[in-house]
């Protein structure tokens with residue numbers, strides 16, 4: 043009896059295990075639906091964790107005390123303002139070009155805002171969703187001013203330094219192959235290593251996104267190390283913007299419409315200085331919907347962003363604490379010499395690409 | 002039917018079988034489920050046929066340079082080839098240097114001993130990555146620039162782009178037969194030498210095994226070279242300037258700065274460890290052996306090469322195996338100094354395609370295979386030198 047009892051219990055355990063696995067196997071497809079809603083997680087945690095770049099003036103500079111500056115960091119703060127009404131409720135985490143997507147996939151960060159190019163393979167293969175582009179960039183090439191080179195097409199036979207693991211490598215490779223030019227590539231893991239190589243003549247040219255080259259050109263000159271010029275050609279499309287995990291559409295909508303809202307605010311002339319007055323007395327329906335208030339005594343329209351988990355007036359907090367698209371750009375990117383006027387990053391009204399779908 | 006079922010359960014033989022079958026089935030289902038879920042979610046290998054995307058020319062062999070259009074799997078294989086091409090030379094050079102330093106540490110000359118100690122303590126106590134940075138970003142970067150054409154004009158050039166050396170170049174499609182012919186010639190020559198030496202030992206007649214072996218090797222090499230219509234020739238490096246004014250090396254072979262830095266760093270670092278192994282193994286040979294050979298009239302050189310070293314070899318080989326495997330694994334650090342070894346090449350794939358687990362699995366496999374090969378070679382040598 044005793045032995046039988048033991049056998050029966052073994053049998054029961056095995057059967058139970060089998061059942062569990064069969065059920066788990068059948069439920070495999072449902073697992074995708076059970077993905078976490080990041081918006082809920084962020085609200086419950088009480089702060090936003092944002093992956094930014096640590097060492098790029100204008101975009102992301104991480105300070106030792108945990109604060110961050112730059113355009114990317116500003117969008118992190120704007121998100122915190124939208125969710126909590128308080129732009130300071132954000133924790134910055136360094137995301138390198140090597141670990142950024144792992145950080146996002148492992149849910150160590152809620153959103154990645156780190157000069158990350160929107161590409162098809164990242165969008166599809168890496169299961170990343172991209173919010174609107176906040177900065178239109180492109181790969182460029184910088185040479186020593188004394189070399190007399192005026193165009194990328196004159197770089198046949200040169201050696202080019204590139205940061206390893208970036209999409210710039212592919213852009214340069216494609217451009218040179220298309221134009222029948224040869225080159226040697228020298229790659230390093232850090233900008234500091236490239237800088238030394240460029241200054242010492244290990245490479246003739248330095249390729250990176252143009253936004254970055256501007257900063258490097260500036261510091262090379264100010265440190266009196268080299269006089270460099272950025273060549274006019276743009277070798278690739280590098281639209282940079284925030285990215286979140288796929289299958290997380292509520293959170294994706296919040297990220298998308300905070301960026302769009304800042305663009306619309308600029309189009310409508312709403313900025314941090316006048317947002318309170320505008321909210322009290324909106325000049326038109328577009329501004330009223332943007333700020334989540336009623337127009338002309340009417341009831342505020344419900345856009346459904348965040349499904350009521352964040353206030354309908356979220357853009358008021360964003361604009362008041364961060365400003366509109368142009369204000370953020372001027373504060374961070376103009377400061378490092380990235381002129382907006384006439385570039386792709388001008389508003390569509392001025393011939394640029396910065397355009398938002400309507401908020402209604 | 003019911004009786005049959007209860008019989009199955011009530012007889013100890015059949016009951017054991019029933020339990021076995023059920024448990025076995027359960028285990029199989031669990032295993033299949035786990036393997037299926039791992040493979041369906043993580044082990045999607047379609048990405049390896051995509052193009053690599055950007056070129057890498059830091060290899061020392063043209064055949065191992067990664068082209069942008071290469072499929073990713075080929076890129077990874079070439080990366081593995083680049084790892085091997087630095088590790089093989091690093092192991093050979095560090096063994097040679099380690100032997101010299103290890104012996105120097107036991108010399109009677111106090112200056113030599115101290116120099117050896119200083120060498121060992123310096124390189125053994127520094128992190129390998131730091132040594133690599135020191136050479137790649139410090140020493141070699143401050144070499145003259147390429148346009149200064151420094152070096153031995155028309156023969157060898159050195160600059161902070163790398164080292165350009167004379168090299169062999171195939172002149173026809175049958176060139177690859179010649180290295181094979183050389184291997185065959187070496188095997189035949191060694192066999193003839195051995196046979197003649199055995200005869201000499203047996204009969205006492207002078208058979209000149211070394212001379213015979215060498216002449217056969219040289220003879221076969223020359224004959225096969227002529228028979229293959231001069232398959233290879235030496236090319237000399239030169240500094241050329243493109244139309245746009247950019248300088249580069251042409252002809253010969255170019256050892257990039259990444260390769261040289263990796264090779265020098267690995268050699269210095271591991272020679273320090275090997276020197277200690279050599280010293281310890283020599284000291285472990287009983288002193289009586291030296292005294293006995295001295296009393297038999299052996300010279301100092303003969304005592305060392307014929308009595309001490311062969312016995313020390315027996316002791317040092319298992320420890321050397323360790324160091325060689327470490328050198329193989331630590332060569333991955335060279336990805337930080339722009340040498341296109343397997344980790345650097347794979348990281349680019351991870352960055353473009355995102356398949357980290359699959360790519361790193363490939364790296365694991367490569368290192369397991371190469372380390373097992375090192376082990377196999379060392380174990381074979383070990384077996385041959387042990388007392389039988």
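Residue numbers (this note's numbering), protein chains in the order written: chain B, 43 to 402; chain H, 2 to 389.
Glycine included, every Cβ here is placed at the ideal spot set by N, Cα and C.
Measure the alpha-carbon distance for residue i versus residue j and round it to whole angstroms.
i, j, result
"residue 106/H", "residue 268/H", "18 Å"
"residue 124/B", "residue 360/B", "6 Å"
"residue 239/H", "residue 252/H", "6 Å"
"residue 382/B", "residue 126/H", "52 Å"
"residue 73/B", "residue 38/H", "Any reading at residue 73/B must be qualified, since the residue scores a pLDDT of 45, below 50, and its modelled position is unreliable; no value is offered."
"residue 143/B", "residue 233/H", "49 Å"
"residue 68/H", "residue 326/H", "29 Å"
"residue 17/H", "residue 23/H", "10 Å"
"residue 246/B", "residue 278/B", "20 Å"
"residue 71/B", "residue 288/B", "Residue confidence for residue 71/B is low, a pLDDT of 43 falling below 50, so the modelled location carries little weight; the figure read from the coordinates is stated next. Cα-Cα distance, rounded: 16 Å."
"residue 395/B", "residue 368/B", "13 Å"
"residue 376/H", "residue 322/H", "6 Å"
"residue 381/H", "residue 83/B", "59 Å"
"residue 364/H", "residue 344/H", "7 Å"
"residue 313/B", "residue 373/B", "13 Å"
"residue 50/H", "residue 8/H", "58 Å"
"residue 48/H", "residue 157/B", "25 Å"
So which of the options has the shortest CA-CA distance to residue i?
i, options, result
"residue 100/B", "384/B, 394/B, 386/B, 371/B", "371/B"
"residue 332/H", "151/H, 264/H, 17/H", "264/H"
"residue 284/B", "107/B, 84/B, 120/B, 335/B", "120/B"
"residue 211/B", "61/H, 57/H, 173/H", "57/H"
"residue 310/B", "390/B, 377/B, 353/B", "390/B"
"residue 402/B", "323/B, 384/B, 379/B, 302/B", "302/B"
"residue 230/B", "336/H, 20/H, 381/H, 15/H", "336/H"
"residue 131/B", "139/B, 376/B, 110/B", "110/B"
"residue 358/B", "105/B, 92/B, 127/B", "127/B"
"residue 190/B", "150/B, 88/B, 269/B", "269/B"
"residue 258/H", "160/H, 282/H, 71/H", "160/H"
"residue 181/B", "103/B, 398/B, 209/B", "209/B"
"residue 373/H", "330/H, 316/H, 345/H, 10/H", "330/H"
"residue 355/B", "377/B, 329/B, 338/B", "329/B"
"residue 63/H", "13/H, 52/H, 82/H", "82/H"
"residue 178/B", "167/B, 159/B, 165/B", "159/B"
"residue 280/B", "250/B, 102/B, 90/B, 315/B", "250/B"
Thinking residue i and residue j are a contact (beta carbons under 8 Å), I'd like their distance in whole angstroms, please.
i, j, result
"residue 178/H", "residue 229/H", "6 Å"
"residue 238/B", "residue 142/H", "6 Å"
"residue 200/B", "residue 275/B", "Their Cβ separation, rounded to whole angstroms, is 14 Å, which puts residue 200/B and residue 275/B out of contact at 8 Å."
"residue 299/B", "residue 80/B", "That belief does not hold up - the Cβ atoms of residue 299/B and residue 80/B are roughly 15 Å apart, past 8 Å."
"residue 285/H", "residue 102/H", "18 Å between Cβ atoms; not a contact."
"residue 135/B", "residue 93/B", "5 Å"
"residue 307/H", "residue 299/H", "7 Å"
"residue 207/B", "residue 253/B", "In fact, because the Cβ distance is near 18 Å, the residues do not count as touching under 8 Å."
"residue 347/B", "residue 290/B", "So it is not a contact: roughly 14 Å between Cβ atoms."
"residue 98/H", "residue 296/H", "Contact doesn't hold; Cβ gap of about 33 Å is too wide."
So residue i contacts chain H; which residues on that side make the cut at Cβ distance below 8 Å?
i, result
"residue 111/B", "Ordered by position in chain H, no residue passes the 8 Å Cβ test against residue 111/B, which lies about 26 Å from the chain."
"residue 201/B", "162, 247, 249"
"residue 78/B", "Under the 8 Å cutoff, chain H gives no residues; its nearest Cβ is about 17 Å from residue 78/B."
What I want to know is whether the C-beta of residue i ends up closer than 6 Å to one or more non-hydrogen atoms of the ligand NAD.
i, result
"residue 75/H", "With respect to the ligand NAD, the structure offers nothing, as it holds no ligand at all."
What does residue i touch in chain H if you count any residue whose Cβ is under 7 Å from its own?
i, result
"residue 260/B", "The premise fails here: residue 260/B is roughly 23 Å from chain H at the closest Cβ pair, so nothing lies under 7 Å."
"residue 219/B", "69"
"residue 196/B", "245"
"residue 191/B", "245"
"residue 215/B", "54, 55, 56, 69"
"residue 228/B", "339"
Using a cut-off of 9 Å between C-beta atoms, extract the partners of residue i located in chain B.
i, result
"residue 335/H", "Per Cβ cutoff of 9 Å: no residues; residue 335/H is ~11 Å from chain B at best."
"residue 142/H", "238, 239, 242, 244"
For a contact meaning CB atoms closer than 8 Å, what does residue i contact in chain B?
i, result
"residue 349/H", "206, 207, 211"
Given that residue i touches chain B, what residues does it touch there, using C-beta distances under 7 Å?
i, result
"residue 146/H", "243"
Please list, in chain order, the residues of the segment 12-25 of chain H that have any C-beta partner in chain B closer than 8 Å. 16, 20, 23, 24
Please name the residues in the segment 230-256 of chain B whose beta-carbon is closer than 8 Å to at least one beta-carbon of chain H, in chain order. 230, 231, 235, 238, 239, 242, 243, 244, 246
Which residues, taken in chain order from the segment 134-145 of chain B, show a beta carbon closer than 8 Å to some beta carbon of chain H? 139, 140, 143, 144
May I ask you to list, following chain order, the residues of the segment 45-66 of chain H that have a beta carbon less than 7 Å from some beta carbon of chain B? 54, 55, 56, 57, 58
Return the residues of the segment 337-370 of chain H that lie within a Cβ-Cβ distance of less than 9 Å from chain B, sorted by chain order. 337, 338, 339, 341, 345, 348, 349, 351, 352, 353, 354, 355, 356, 357
Quick one: which residues of the segment 153-184 of chain B get their C-beta closer than 8 Å to a C-beta of chain H? List them in chain order. 163, 164, 167, 168
Residues in the segment 256-274 of chain H with C-beta within 9 Å of chain B's C-beta atoms, listed in sequence order? 257, 258, 259
Give the residues from the segment 129-140 of chain H that approach chain B closer than 7 Å (Cβ to any Cβ), ordered along the chain. 138
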